[in-house]
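Participant: Can you keep this structure in mind? I'll have questions shortly.
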Ligand SMILES: [Zn+2]
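Numbering (this note's numbering), first residue to last: 21 to 219.
In structure tokens:
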């Protein structure tokens with residue numbers, strides 16, 4: 021950090037991108053005291069909000085949880101990580117974009133419906149595991165989130181309920197704030213908070 025700080029006339033901090041996006045969630049909804057934030061981007065990321073604060077350090081790295089023993093090869097060098105099943109990278113094939121994927125999905129293209137169904141099944145398995153660790157709402161953000169419909173969330177919740185040892189009646193999944201540049205805005209928030217505390 022120091023070499024960079026010496027080159028720019030500003031304070032410098034390194035913050036995990038998913039934590040930045042979670043900062044924005046907290047800023048927009050100060051009543052979000054306990055939550056899991058999961059960023060469904062090209063790669064996955066996560067953060068844990070506890071007692072109104074984001075947990076720092078190596079927490080919330082849900083993408084490296086093993087979802088399938090001996091499964092798909094992950095960029096981290098291991099096999100079967102959640103990343104390989106639930107990221108946008110895992111959902112899309114070469115040359116596809118999220119926009120083109122969801123266009124065909126919403127036209128009920130059978131192949132896309134099948135792939136989406138498989139994606140949601142893996143996602144339900146991951147979300148169930150995560151929810152077992154912390155009984156809180158799970159906020160879904162990242163690039164995939166704007167494409168998720170109310171029906172998708174209901175379907176995901178039902179798939180989680182089919183797996184879980186502790187069924188619940190109320191859907192604990194929520195969509196995030198879905199603002200452009202959420203990570204960049206979120207990165208600025210701790211600086212804004214310290215400024216506000218200083219006046
Ligand atoms: Zn991995």
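Quick reminder that beta carbons are idealized off the backbone N, C-alpha and C, glycines included.
Thinking C-alpha only, which one of 124, 77 and 161 is nearest residue 106?
Facilitator: 161
Participant: Please find out if some non-hydrogen atom of ligand 1 comes closer than 7 Å to the beta-carbon of residue 103.
Facilitator: yes
Participant: Out of 32, 150 and 200, which has the shortest C-alpha to C-alpha gap to residue 180?
Facilitator: 150
Participant: So what's residue 137 in DSSP terms, helix, strand or just coil?
Facilitator: helix
Participant: Under 7 Å: does the beta carbon of residue 94 sit that close to some heavy atom of ligand 1?
Facilitator: yes
Participant: Can you name the residues that DSSP bridges to residue 153?
Facilitator: According to DSSP, residue 153 bridges with nothing at all.
Participant: Helix, strand or coil for residue 101? Go by DSSP, reduced to three states.
Facilitator: strand
Participant: May I ask whether a heavy atom of ligand 1 can be found less than 7 Å away from the beta carbon of residue 84?
Facilitator: Checking every heavy atom of ligand 1 against the Cβ of residue 84, one is found closer than 7 Å.
Participant: If you reduce the DSSP assignment to three classes, tell me which class residue 95 lands in.
Facilitator: coil
Participant: With DSSP as the reference, please indicate the residues paired to residue 67 in a beta bridge.
Facilitator: 57
Participant: Expressed to the nearest angstrom, what Euclidean distance is found between the alpha-carbon atoms of residue 57 and residue 188?
Facilitator: Going by the C-alpha atoms only, they are around 19 Å apart.
Participant: For residue 177 and residue 139, what's the separation of their Cα atoms in angstroms?
Facilitator: The straight-line gap separating the alpha-carbon atoms of residue 177 and residue 139 is approximately 14 Å.
Participant: Would you kindly check if the distance between the Cβ of residue 90 and the Cβ of residue 80 is under 8 Å?
Facilitator: no
Participant: Would DSSP call residue 159 helix, strand or coil?
Facilitator: In this structure, residue 159 counts as strand in the three-state DSSP scheme.
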